[in-house]
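Listed in order, the protein sequences are those of chains E and A. So for the first sequence, this note's numbering puts the first residue at 23; every next one is plus one. So for the second sequence, this note's numbering puts the first residue at 5; every next one is plus one.
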Amino acid sequence: MADTIAMEVARYQPGEDGAPTMARYDVPLRKDWVVLDGLNYIKDEIDGTVTFRWSCRMGICGSCGMTVNGEPKLTCATFLTDYAPGPVRVEPLANFPVIRDLVVDIDDFLDKLSEVKPWIVRDEAPLSAGEYLQTPEQLEEYRQYSMCINCMLCYSACPVYGLDPEFVGPAAIALAQRYNLDSRDEGAAERLDVLIHPEGLWACTFVGDCTRVCPKHVDPAGAIQRYKLTAALDTLKHYVLPRGGR
Amino acid sequence: MTTSHDIIVVGGGGAGLRAAIAAAETIPGIDVAVVSKVYPMRSHTVSAEGGAAGAIAEDDSLDEHAYDTISGGDWLCDQDAVEIFVKDAPKELLRLEHWGCPWSRQPDGRIAVRPFGGMKKQRTWFAADKTGFHLLHTLFQTSLKYDGVHRYDEWYVSKLLVDDGRVQGVVAVELTTGRIETITAKAVILTTGGCGRVFPFTTNAAIKTGDGMALAYRAGAPLKDMEFIQYHPTGLPFTGILITEAARAEGGYLLNKDGYRYLQDYNLGTPTPTPVLRSMELGPRDRLSQAFEHEVAKGRTIDTPYGPVVHLDLRHLGAKLIDTKLPFVRELCLKYQNIDPVTELVPVRPVVHYTMGGVHTDIDGATPVDGLFAAGEVACVSINGANRLGSNSLPELLVFGTRAGRAAAWHVFRHGKEPTQAVLSQAADERRRLQKDVLEHDGGDERISAIRTSMQTTMEESAGIYRSGDSLAKAADTLGELQERLPRAALDDRSLAFNTELIAALELSAMLDVAESIVASALRREESRGAHQRTDFPARDDNRFLAHSLAVREADGSCRVDYLPVTITRWAPGERVYGR
Chain E
23 MADTIAMEVA RYQPGEDGAP TMARYDVPLR KDWVVLDGLN YIKDEIDGTV TFRWSCRMGI
83 CGSCGMTVNG EPKLTCATFL TDYAPGPVRV EPLANFPVIR DLVVDIDDFL DKLSEVKPWI
143 VRDEAPLSAG EYLQTPEQLE EYRQYSMCIN CMLCYSACPV YGLDPEFVGP AAIALAQRYN
203 LDSRDEGAAE RLDVLIHPEG LWACTFVGDC TRVCPKHVDP AGAIQRYKLT AALDTLKHYV
263 LPRGGR
Chain A
5 MTTSHDIIVV GGGGAGLRAA IAAAETIPGI DVAVVSKVYP MRSHTVSAEG GAAGAIAEDD
65 SLDEHAYDTI SGGDWLCDQD AVEIFVKDAP KELLRLEHWG CPWSRQPDGR IAVRPFGGMK
125 KQRTWFAADK TGFHLLHTLF QTSLKYDGVH RYDEWYVSKL LVDDGRVQGV VAVELTTGRI
185 ETITAKAVIL TTGGCGRVFP FTTNAAIKTG DGMALAYRAG APLKDMEFIQ YHPTGLPFTG
245 ILITEAARAE GGYLLNKDGY RYLQDYNLGT PTPTPVLRSM ELGPRDRLSQ AFEHEVAKGR
305 TIDTPYGPVV HLDLRHLGAK LIDTKLPFVR ELCLKYQNID PVTELVPVRP VVHYTMGGVH
365 TDIDGATPVD GLFAAGEVAC VSINGANRLG SNSLPELLVF GTRAGRAAAW HVFRHGKEPT
425 QAVLSQAADE RRRLQKDVLE HDGGDERISA IRTSMQTTME ESAGIYRSGD SLAKAADTLG
485 ELQERLPRAA LDDRSLAFNT ELIAALELSA MLDVAESIVA SALRREESRG AHQRTDFPAR
545 DDNRFLAHSL AVREADGSCR VDYLPVTITR WAPGERVYGR
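Structure, rendered in structure tokens:
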């Protein structure tokens, strides 16, 4: 194994550059180093201006998503050795406005997340009534969709979001479904308005890239498909039963 | 530019979000700003794995939870605070249940509880082994429905504005644009977490740089019990990734290089095939980490490029139990260490995990500075004393986040005042300092990373699991030199847009102040208690030190250490007994 590996890092400075440029740095190639370790080495030892987000380095905070050799990845969970002999190309996540270098603007997702009401909708029982009962089987119904770390890899991989930024998108729909399928929740009807919008789930063409890139096996594509069926039935009920059948 | 809110919450993790919601629920229409240097769901609460303690089992009681907490803390906990804590904890966990937290369940649908280190009964609520992740996302998503909660995502607070004896707001930098803004408020709640990053080898995320502790310290609030730093006994070497205590609670063994369950040699009980509460691998974290150091001294650990390790053995638990109860443990071992715990031994070593000390508060999160509150790891109430028990930190941030949020809301309602002119000129000075002295500072010959590494190495060598008067005095000198070097560090990055190097410089400055308070407090405490072990004073000394240390920043920047008696209500100080 070589001692070093070249990293090509996208550099972009708002106001100064027209388009991003690639800068090349040699970093130590170590068996246990991930792409993020390489970036931190660059920042600490070579060039303090290289800009990226990171925090937990254990795949749970969702900060360090970037495009590595063309694929959206959590850089804390992507070993440099997998790209030897290199170079490793690191770019910002696709489909988002770039703030600087490897940092993208994800506020659009946060707005969409709020729109799908990702909270339990019901009149809260008093604490004295104890917990809402939920069997392990009921928990299993939505558990997978509750694992989303908001890392944005799915939006970066989604061809529909790339073309139509109005699309609610994989993670937000999966999280809507997480609450819809929770036995404690009564808000499915309220969420339907956002989701059956033309830019809601119907925009998805079921390419499945979101599920393929998800580091937490959330399966947003599955969530969307499953929800399309619910929404179709609901729409149908609306025509058959004048009061929506609710 | 100046904006204003009723309350500013600094930090968007579990304590901050819980405080913001509590404030919004207490006074309808109150205007709460959550100012966080990361998006709230990135906060370090997300990394907590094992669970959250709250006595609900039929064979359990609040008194038993209190006793385990107090004895676990080596009698340095304030017992009035602990009594409130154990009483409120189940209610807060239940509130999270109502908000959708996916707690693991019993077959009949009721909440399940699991055993945990130092706890005599099964009382740890859990959401598989991603409890902190689920708790944080539940709080964050729930917070979105409160119109009164406004977020400043990716803003770094550099200064608390204090005048007329009361806190009146903050100065903060918006990362995206570099804009420096004054945000005034009638109360400020600090919820920025601990300071594990002052050490080189830690489970703590990069963001855990003691910012809130430094803000409070510089604003005149004392830092309490800072010498008590918790080492978690089972971190993965190199990365410092935590392997949760739940791995031992489910039956994992700790083995030395001879395959021997060495904890039996350290007064922690006798080995049994299945776990016994408060015994062996389920002893408290301080005692387990100290036992590791003794094994190193005896030459019974395994050498690796990242120093000595012991082995965590989960193989006998089988794939099914590991995948159901400890899925994240398997994922972390496979993804980051390339080891499968189903078939292989996991190398582990003690790793800095938690700051028992923090900003001195009362049971409502109030600090001695009027209008300034703190909750969660940044604060010290104190319920953790000299050693925190695993699964007490998540309920702590809920219980005291709520209390601080409520207290701050009432403070605004009853005593809220408009900012003074003097505070606005303070803010202008701070803006000038950031611009001229940090961002545009020229001619430096120091690198931020070099000073940071020196600080971390010094802390590990001198203020680690075992300390001595000599090592601490030397560390104090080194930290003083690093303080002098810091102003000579020039930034490579002069850009306004997302200048992470500027933030790194401000974080390093915070860490150096906090490190000095840790060393000063450790030097003065001439005894061994809980996580603070002095080789030159190996015994606990209740006559002199049944007291909280209070580190106060003097005008010249030096640290003075005062003491405050511990509140004892019903449990007289006794011997800590484990394994029998």
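Ideal Cβ positions, reconstructed from N, Cα and C, are used throughout, including at glycine.
With a threshold of 16 other CB atoms inside 10 Å of the CB of residue i, please say whether the residue is buried or exposed.
i	result
R22 (chain A)	buried
G267 (chain E)	Residue confidence for G267 (chain E) is low, a pLDDT of 41 falling below 50, so the modelled location carries little weight; the figure read from the coordinates is stated next. Under this definition G267 (chain E) is an exposed residue.
W52 (chain E)	Before going further, note that residue 52 (chain E) is Arg rather than Trp in the sequence given. Buried, by the Cβ-count rule.
A24 (chain A)	buried
H391 (chain A)	Note on residue identity: the sequence assigns Asn, not His, to residue 391 (chain A). N391 (chain A) comes out buried.
L185 (chain E)	exposed
D290 (chain A)	buried
S162 (chain A)	buried
K302 (chain A)	exposed
M44 (chain E)	exposed
N503 (chain A)	buried
A27 (chain A)	buried
R584 (chain A)	exposed
L338 (chain A)	exposed
A559 (chain A)	exposed
K259 (chain E)	exposed
P237 (chain E)	buried
Y261 (chain E)	exposed
Provide the residue span of the alpha helix (DSSP H) that contains residue i, from first to last.
i	result
M284 (chain A)	Here M284 (chain A) belongs to no alpha helix (DSSP H), and DSSP marks it neither H nor E.
P399 (chain A)	397 to 419
C232 (chain E)	231 to 235
P192 (chain E)	192 to 202
L476 (chain A)	473 to 489
Y71 (chain A)	66 to 76
V57 (chain E)	57 to 63
I25 (chain A)	18 to 30
Q586 (chain A)	Since the first residue shown for chain A is 5 and the last is 584, residue 586 (chain A) is missing from the structure and cannot be characterised.
D215 (chain E)	210 to 217
A301 (chain A)	289 to 301
What span of residues does the beta strand (DSSP E) with residue i cover, start to end?
i	result
K95 (chain E)	93 to 96
R334 (chain A)	Run containing R334 (chain A): none in the beta strand (DSSP E); it sits in the alpha helix (DSSP H), 331 to 336.
K163 (chain A)	159 to 167
H102 (chain A)	Careful: H102 (chain A) lies outside any beta strand (DSSP E), inside the alpha helix (DSSP H) at 83 to 102.
R533 (chain A)	Per DSSP, R533 (chain A) belongs to no beta strand (DSSP E) and is neither H nor E.
I586 (chain A)	Since the first residue shown for chain A is 5 and the last is 584, residue 586 (chain A) is missing from the structure and cannot be characterised.
S553 (chain A)	551 to 557
L443 (chain A)	Unbroken run through L443 (chain A): none, as it is neither H nor E.
task = Quick one: which residues of the stretch 72 to 83 of chain E get their C-beta closer than 7 Å to a C-beta of chain A? List them in chain order.
result = Of all residues in the stretch 72 to 83 of chain E, T73, W76, S77, C78, R79, M80, G81, I82, C83 have a Cβ within less than 7 Å of some Cβ in chain A.
key: Whole runs of the alpha helix (DSSP H) within the stretch 160 to 189 of chain E, excluding any shorter than 4 residues   = List check, alpha helix (DSSP H) in window: 175 to 179, 181 to 185.
ask   = For the stretch 125 to 140 of chain E, which residues have a CB atom closer than 9 Å to at least one CB atom of chain A, in sequence order?
value = For chain A, the residues of the stretch 125 to 140 of chain E that bring a beta carbon within less than 9 Å of one of its beta carbons are V125, D127, I128, D129, L132, L135, S136, K139, P140, in chain order.
task = Report the residues of the stretch 102 to 115 of chain A with a CB closer than 9 Å to any CB of chain E, ordered along the chain.
result = Contacts with chain E (Cβ-Cβ distance below 9 Å) from the stretch 102 to 115 of chain A involve H102, W103, G104, P106, W107, S108, R109, Q110, P111, D112, G113, R114, I115, listed in chain order.
task = Using a Cβ-Cβ cut-off of less than 9 Å, list which residues of the stretch 436 to 454 of chain A approach chain E; keep chain order.
result = Against chain E - using a Cβ distance shorter than 9 Å - the residues of the stretch 436 to 454 of chain A are R451, I452, S453, A454.
query = Counting Cβ pairs, one atom from each stretch, are 3 or more of them under 8 Å apart for the stretch 176 to 190 of chain E and the stretch 221 to 233 of chain E?
reply = Short answer: they touch.
message = Does the stretch 338 to 357 of chain A come into contact with the stretch 231 to 242 of chain A, if we say contact requires no fewer than three beta-carbon pairs (one atom in each stretch) closer than 8 Å?
response = With a cut-off of 8 Å, the stretch 231 to 242 of chain A and the stretch 338 to 357 of chain A count as touching, because enough Cβ pairs lie within range.
request  = Specify whether the stretch 244 to 255 of chain A and the stretch 189 to 196 of chain A touch according to this definition: at least 3 beta carbon pairs, one from each stretch, less than 8 Å apart.
outcome  = Output reads no: the stretch 189 to 196 of chain A does not touch the stretch 244 to 255 of chain A.
inquiry  = For the pair the stretch 50 to 70 of chain A and the stretch 122 to 131 of chain A, tell me if three or more CB-CB distances fall below 8 Å.
reply    = Pairwise C-beta distances place the stretch 50 to 70 of chain A in contact with the stretch 122 to 131 of chain A, as three or more of them are shorter than 8 Å.
request  = May I have a chain-ordered list of the beta strand (DSSP E) segments no shorter than 3 residues that lie completely inside the stretch 213 to 252 of chain A?
outcome  = DSSP runs (the beta strand (DSSP E)) wholly in the stretch 213 to 252 of chain A: 233 to 239.
ask   = What residues in the stretch 172 to 183 of chain E bring their beta carbon closer than 7 Å to a beta carbon of chain A?
value = Residues of the stretch 172 to 183 of chain E with a C-beta atom less than 7 Å from some C-beta of chain A are N172, listed in chain order.
ask   = Taking only runs of the alpha helix (DSSP H) that begin and end inside the stretch 125 to 161 of chain E, which ones reach a length of at least 4 residues, in chain order?
value = Taking only runs of at least 4 residues, the alpha helix (DSSP H) segments lying wholly in the stretch 125 to 161 of chain E are 129 to 137.
ask   = Residues in the stretch 139 to 165 of chain A with C-beta within 7 Å of chain E's C-beta atoms, listed in sequence order?
value = Here the close residues are Q145, T146, L148, K149.
request  = Check each residue of the stretch 144 to 158 of chain E: if its Cβ is closer than 8 Å to any Cβ of chain A, include it; give the result in chain order.
outcome  = Hits within the stretch, in order: E146, A147, L149, G152, E153, Y154, L155, Q156, T157, P158.
query = Between the stretch 499 to 522 of chain A and chain E, which residues of the former have a C-beta closer than 7 Å to a C-beta of the latter?
reply = Under the 7 Å Cβ criterion, the stretch 499 to 522 of chain A contributes S499, A501, F502, T504, E505.
ask   = Does the pairing of the stretch 204 to 220 of chain E with the stretch 144 to 164 of chain A give three or more beta-carbon distances under 8 Å?
value = Contact fails: fewer than three Cβ-Cβ distances are below 8 Å.
ask   = What alpha helix (DSSP H) runs, 4 residues minimum, are completely inside the stretch 72 to 119 of chain E?
value = Qualifying alpha helix (DSSP H) stretches: none in this window.
ask   = If you pair each beta-carbon of the stretch 548 to 564 of chain A with each one of the stretch 91 to 103 of chain A, do three or more pairs fall below 8 Å?
value = No, the stretch 548 to 564 of chain A does not touch the stretch 91 to 103 of chain A.
key: At least three beta-carbon pairs within less than 8 Å, the stretch 490 to 503 of chain A to the stretch 522 to 530 of chain A   = Contact between the stretch 490 to 503 of chain A and the stretch 522 to 530 of chain A is absent: fewer than 3 CB-CB pairs across the two stretches fall below 8 Å.
message = Check whether the stretch 157 to 171 of chain E and the stretch 102 to 118 of chain E are in contact - that is, three or more C-beta pairs closer than 8 Å.
response = Short answer: they don't touch.
ask   = Taking any Cβ of chain E, which residues in the stretch 39 to 50 of chain A have a Cβ under 9 Å from it, in chain order?
value = Of all residues in the stretch 39 to 50 of chain A, V42, Y43, M45, R46, S47, H48, V50 have a Cβ within less than 9 Å of some Cβ in chain E.
request  = Evaluate the contact criterion for the stretch 476 to 496 of chain A versus the stretch 443 to 451 of chain A: three or more CB pairs, one atom per stretch, below 8 Å.
outcome  = Between the stretch 476 to 496 of chain A and the stretch 443 to 451 of chain A there are three or more C-beta pairs closer than 8 Å, enough to call the two in contact.
query = Any residues in the stretch 232 to 254 of chain A with a beta carbon nearer than 7 Å to a beta carbon of chain E? Which ones, in chain order?
reply = Close to chain E, meaning a Cβ-Cβ distance shorter than 7 Å, are the following residues of the stretch 232 to 254 of chain A: F242, T243, I245.
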